[in-house]
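Protein chains in written order, with the UniProt record's numbering: chain A, 1 to 272; chain B, 1 to 311.
For every residue, glycine included, the Cβ atom is placed at its ideal position computed from N, Cα and C.
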Amino acid sequence: MNRFARLQPVAAVATALVLLGIPFWLVLVTAAKDQAQALNPTLALPERWQLLENLQAVFTDGRMLAALGGSLLVMVPSVLGVLILGSMASWILARRSSRWLAAVYALAISGIVLPPAVVTIVLLLRQLGLAGTATGMVGVYMGMYLSTVIFFVTGFVRTIPLELEEAARVDGASPWRVFARIILPLLRPVLATATILICLYIWNDVFYALFVIGGRIDTLPLNLYQVASSGLYLQNWHLVFAYIILMSLPLLLTFVVAQRRIISGITSGAVK
Amino acid sequence: MAVVIDRALAPPSPSRPRTSSGQRAAHDHPLWFLIPALAVLTVFFVLPTVFNFVYAFTDWSSFKSSISFAGLENFRSLLSNGSLADALVVTMVYAALVAVFQNLFGLVLALLLERDTAVNRAVRVAFFVPVVMSALAVGYIFQALLKPEGALNQILGFLAGRTVEIAWLGSTTWTIVVVALVHAWKWMGLSMLIYLAGLKTINSEVIEAARIDGAGWWKTFLAIRFPLLAPAITFNVATALLGSMNGFDIVQATTAGGPGGSTELLNIWVFRTFGQGLFAQATTMSLVLFVAVTVLAFPVIRTLRRREDVL
Chain A
1 MNRFARLQPV
11 AAVATALVLL
21 GIPFWLVLVT
31 AAKDQAQALN
41 PTLALPERWQ
51 LLENLQAVFT
61 DGRMLAALGG
71 SLLVMVPSVL
81 GVLILGSMAS
91 WILARRSSRW
101 LAAVYALAIS
111 GIVLPPAVVT
121 IVLLLRQLGL
131 AGTATGMVGV
141 YMGMYLSTVI
151 FFVTGFVRTI
161 PLELEEAARV
171 DGASPWRVFA
181 RIILPLLRPV
191 LATATILICL
201 YIWNDVFYAL
211 FVIGGRIDTL
221 PLNLYQVASS
231 GLYLQNWHLV
241 FAYIILMSLP
251 LLLTFVVAQR
261 RIISGITSGA
271 VK
Chain B
1 MAVVIDRALA
11 PPSPSRPRTS
21 SGQRAAHDHP
31 LWFLIPALAV
41 LTVFFVLPTV
51 FNFVYAFTDW
61 SSFKSSISFA
71 GLENFRSLLS
81 NGSLADALVV
91 TMVYAALVAV
101 FQNLFGLVLA
111 LLLERDTAVN
121 RAVRVAFFVP
131 VVMSALAVGY
141 IFQALLKPEG
151 ALNQILGFLA
161 GRTVEIAWLG
171 STTWTIVVVA
181 LVHAWKWMGL
191 SMLIYLAGLK
201 TINSEVIEAA
211 RIDGAGWWKT
221 FLAIRFPLLA
231 PAITFNVATA
241 LLGSMNGFDI
251 VQATTAGGPG
261 GSTELLNIWV
271 FRTFGQGLFA
281 QATTMSLVLF
291 VAVTVLAFPV
301 IRTLRRREDV
311 L
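Spelled out as structure tokens, the structure:
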């Protein structure tokens with residue numbers, strides 16, 4: 001036991017260095033090389049560090065700002081939409097019970113498990129005149145992630161004592177007022193968890209974006225896909241990795257700042 | 001546990017008179033609050049899923065302007081040319097491999113980093129970084145790392161003292177295992193966290209009692225801690241299976257389905273075929289994925305809901 005206690009920190013750090021250190025080192029040194037040296041990405045140090053130049057090249061030539069704008073354009077409305085609509089529905093689903101509502105709840109959370117019908121979504125969006133638009137993409141993301149919000153929030157609302165609502169109701173508050181003034185503020189912790197999860201999914205999504213807005217609106221992962229798979233960039237590992245560093249930064253910074261909250265939020269949903 | 005006890009101790013809430021409860025519920029919690037969410041779910045989730053069951057039986061493609069009914073033609077051609085069986089088998093094998101690797105790595109990491117020390121906390125955070133990163137980016141990193149003249153072979157060559165040129169992503173047999181390992185690498189931090197949370201819920205007195213009875217670390221783990229981790233295992237296996245059955249990004253970025261289609265998951269097949277304009281076939285395969293997940297998912301949902309009742 002004692003020997004384990006002494007060796008454990010060494011083992012922990014060594015595991016991290018091998019499993020994480022090698023891939024991340026490869027990203028860093030390759031992103032700092034010139035094209036000739038990056039042709040075959042190795043762990044060797046760059047002959048001349050040009051990380052900043054590469055980052056700058058990707059930022060200006062890679063249409064990164066437009067892609068960042070596109071990512072935010074589809075993510076922010078989707079997240080706000082699922083939080084508000086999901087909370088409203090969850091409040092009712094948690095407070096009322098009937099066989100009909102149980103079926104609605106089952107249907108509403110089935111999206112957690114069932115995969116979206118990605119091909120026919122495109123057809124439907126064409127019929128609605130929303131193909132290739134941010135509105136269409138927001139609708140698709142909301143349809144996909146409402147189930148996550150409803151699952152988390154319904155469970156949480158059930159833990160809020162009904163007496164808190166009754167007190168406001170005695171004072172003559174309307175349902176909308178009770179929801180906005182009493183329920184919504186109490187949901188803050190669970191909504192924070194849901195926000196983090198859904199931002200993570202949407203920010204990194206490339207599969208559904210390829211179908212719905214590919215070629216019309218750029219997002220960061222879509223742009224990375226084009227940068228990495230177009231013939232022009234195929235062997236330009238220094239630019240691909242510079243792009244990966246830049247596009248990962250916003251999420252990594254958020255993660256570092258809100259690390260405790262993110263980790264406890266994600267685990268709270270799984271095991272109690 | 002705590003929640004169950006709290007509930008048992010709490011005074012029963014005053015029951016309302018039965019007669020007016022329906023009206024009161026309608027007034028206090030009006031059903032129209034459900035409408036916006038249900039509208040979005042119906043249009044963007046339910047309707048496309050219904051369409052999936054319709055258009056899989058048509059000849060919808062980019063080569064014709066009209067869409068007409070084609071019966072089981074899509075299924076017949078996908079079955080006869082073997083692509084349905086191939087993609088389904090590849091997806092299932094991939095999902096099983098990911099579930100095993102991701103849980104194995106996650107559990108070993110959780111046991112390694114279990115004690116609450118400063119070093120362990122920092123290392124845990126580091127292992128969560130891949131979870132936060134884009135799966136596509138992770139795929140490209142490993143594509144570079146696993147090239148025949150890439151960094152992994154460089155390291156192996158250094159250790160072996162000779163040139164190593166293994167084509168990690170070029171084997172029709174083993175590449176699917178390599179790609180599943182990459183998938184597990186990206187998500188092992190999440191499994192680790194859930195196992196850590198699970199380990200924390202185990203009563204330390206039980207462990208102490210076993211130790212006093214002379215049980216060693218390994219015996220305590222096998223006989224007591226592992227069985228008590230059951231809820232964490234269920235959750236981790238379910239999420240790993242679902243995540244990998246719906247997989248696309250990592251495989252697309254490392255092999256794009258190759259070599260020779262040996263890593264072509266259902267979603268990769270759907271994407272490629274959709275790009276070729278064969279929309280009906282893509283729909284059919286998307287329906288196959290839907291059915292496969294549904295068949296696997298029902299036991300999963302039941303387990304999740306049962307746990308919900310316990311909490």
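Does DSSP classify residue i as helix, strand or coil?
| i | result |
| --- | --- |
| arginine 302 of chain B | helix |
| phenylalanine 69 of chain B | strand |
| threonine 58 of chain B | strand |
| alanine 227 of chain B | Checking the displayed sequence, the identity of residue 227 of chain B turns out to be proline instead of alanine. Helix. |
| asparagine 40 of chain A | coil |
| methionine 133 of chain B | coil |
| glutamine 50 of chain A | coil |
| serine 147 of chain A | helix |
| glycine 260 of chain B | coil |
| isoleucine 5 of chain B | The predicted model places isoleucine 5 of chain B with a pLDDT of 33, which falls under 50 and marks its position as unreliable; any figure quoted below should be read in that light. Helix. |
| isoleucine 166 of chain B | coil |
| alanine 232 of chain B | helix |
| valine 13 of chain A | helix |
| proline 115 of chain A | coil |
| glutamate 308 of chain B | Its pLDDT being 47, under 50, glutamate 308 of chain B is placed unreliably by the model, and the measurement read from it follows with that caveat. Note: glutamate 308 of chain B maps to helix in three-state DSSP. |
| glycine 136 of chain A | helix |
| serine 98 of chain A | coil |
| leucine 20 of chain A | helix |
| leucine 45 of chain A | coil |
| phenylalanine 63 of chain B | coil |
| asparagine 52 of chain B | helix |
| serine 171 of chain B | coil |
| asparagine 74 of chain B | helix |
| aspartate 61 of chain A | helix |
| leucine 278 of chain B | coil |
| alanine 160 of chain B | helix |
| arginine 18 of chain B | Here arginine 18 of chain B scores only 43 on pLDDT, less than 50, and its place in the model is too uncertain to base an answer on. |
| glycine 82 of chain B | coil |
Is residue j closer than 8 Å to residue i when the C-beta atoms are compared?
| i | j | result |
| --- | --- | --- |
| alanine 31 of chain A | isoleucine 245 of chain A | yes |
| valine 98 of chain B | serine 262 of chain B | no |
| threonine 58 of chain B | phenylalanine 69 of chain B | yes |
| glycine 277 of chain B | serine 61 of chain B | yes |
| alanine 5 of chain A | aspartate 218 of chain A | no |
| valine 293 of chain B | valine 119 of chain A | no |
| alanine 184 of chain B | glutamine 102 of chain B | yes |
| isoleucine 150 of chain A | alanine 192 of chain A | no |
| leucine 47 of chain B | leucine 85 of chain A | no |
| leucine 252 of chain A | valine 132 of chain B | yes |
| alanine 110 of chain B | tyrosine 195 of chain B | yes |
| histidine 238 of chain A | asparagine 40 of chain A | no |
| alanine 11 of chain A | leucine 112 of chain B | yes |
| isoleucine 233 of chain B | isoleucine 207 of chain B | no |
| threonine 254 of chain A | valine 79 of chain A | no |
| valine 74 of chain A | isoleucine 202 of chain A | yes |
| proline 46 of chain A | glutamine 37 of chain A | yes |
How close, in whole Å, do the beta carbons of residue i and residue j come, if the pair is a contact with beta carbons under 8 Å?
| i | j | result |
| --- | --- | --- |
| isoleucine 213 of chain A | glycine 132 of chain A | 6 Å |
| phenylalanine 211 of chain A | valine 82 of chain A | In fact, because the Cβ distance is near 20 Å, the residues do not count as touching under 8 Å. |
| isoleucine 92 of chain A | leucine 31 of chain B | 6 Å |
| valine 140 of chain A | phenylalanine 271 of chain B | Their Cβ separation, rounded to whole angstroms, is 15 Å, which puts valine 140 of chain A and phenylalanine 271 of chain B out of contact at 8 Å. |
| arginine 95 of chain A | histidine 29 of chain B | 5 Å |
| leucine 146 of chain A | leucine 190 of chain B | The Cβ separation is near 22 Å, so there is no contact. |
| methionine 142 of chain A | proline 116 of chain A | No, methionine 142 of chain A and proline 116 of chain A are not in contact; Cβ-Cβ is about 11 Å, not under 8 Å. |
| leucine 136 of chain B | valine 206 of chain A | 5 Å |
Would you kindly report the start and end of the unbroken alpha helix (DSSP H) that includes residue i?
| i | result |
| --- | --- |
| proline 36 of chain B | 35-41 |
| proline 77 of chain A | 64-95 |
| asparagine 267 of chain B | 266-275 |
| glutamate 205 of chain B | 204-212 |
| lysine 200 of chain B | 175-200 |
| proline 250 of chain A | 237-257 |
| tryptophan 32 of chain B | From DSSP, tryptophan 32 of chain B is part of no alpha helix (DSSP H); its letter is neither H nor E. |
| lysine 219 of chain B | 217-220 |
| alanine 253 of chain B | 249-254 |
Examine the ligand PLP and report whether any of its heavy atoms sits within less than 7 Å of the Cβ of residue i.
| i | result |
| --- | --- |
| leucine 52 of chain A | Ligands in the displayed structure: none, and consequently the ligand PLP is not present. |
Exercise for review: Could I get the ranges of all uninterrupted alpha helix (DSSP H) runs contained in the segment 156-231 of chain A, with 4 residues as the minimum, in chain order?
Suggested key: 162-170, 175-178, 188-204, 207-212, 220-229
Practice item. Would you list, in sequence order, the uninterrupted beta strand (DSSP E) runs of no fewer than 3 residues that lie entirely inside the segment 84-154 of chain B? Key: Counting only runs that start and end inside the segment 84-154 of chain B, there is no beta strand (DSSP E) element of at least 3 residues.
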